[in-house]
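Residue numbers (full-length UniProt numbering): 1 to 196.
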């Protein structure tokens, strides 16, 4: 069976979103073009890293081009997307590896999210080699979501993704760990329960 690639070139929507209550949220990337919708699950830290790195890469593109690249300095309000994820949400796969690139010729951001892969190997070196071979295998590699975004779409994605990540549980003012509604055992309070 050949590799399954979900390709979206300038999609109608590409957003990060969640399902569930803070502290128990499941994070998704979702691409939409017409009636076609692809949703992939990932970790909160992956969403944050993707958004932060995307902003950094866009800033670097602007810097290197001397401001001539088709990349806005901030997310334009006309492409902002605060709508919820499209339902029903059907998870295609759980993301393991992500990659970002800027296509200077087409002036667009390329986002790739590949499925999490579990491998068996005798030692760490064999495992790393086996994982690299599988991820580079265009014929039999893991499923992948590949999205091409304009500079404005990429800025809007990054802003929304960071907003989604930050919309979770508020941090404890003493230790910065997330506060549950019933409080938490704060290490800065020598183990005493701190209320929300």
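Yeah, the Cβ is synthetic: ideal placement off N, Cα and C, and Gly gets one too.
Following the DSSP letters along the chain, one finds residue 73 in no alpha helix (DSSP H), marked with neither H nor E. Per DSSP, residue 30 lies in no alpha helix (DSSP H); the unbroken beta strand (DSSP E) holding it starts and ends at 26–33. Among the bridge pairs identified by DSSP, residue 178 is matched with 171. Contact check for residue 70 and residue 151: beta-carbon distance about 5 Å, within the 8 Å limit, so the pair qualifies. Note on geometry: alpha-carbon atoms of residue 23 and residue 153 lie some 28 Å from one another. Boundaries of the alpha helix (DSSP H) harbouring residue 45: 44–65, taken from the DSSP string. The C-beta distance from residue 54 to residue 109 rounds to 7 Å, short enough to meet the 8 Å contact threshold. Under the three-state reduction of DSSP, residue 85 is assigned to coil, being neither helix nor strand. For residue 162, there is no enclosing beta strand (DSSP E); the enclosing alpha helix (DSSP H) covers residues 151–166. Within the same chain, Cβ atoms closer than 8 Å to the Cβ of residue 41 are found at 26, 27, 28, 91, 93, 94, 95, the five residues on either side in sequence being excluded. Here residue 185 is exposed, its C-beta having fewer than 16 other C-beta atoms within 10 Å.
Non-local beta-carbon contacts of residue 147 in its own chain, meaning distances under 7 Å to residues more than five positions away in sequence, involve 8, 11, 14, 31, 111 in chain order.
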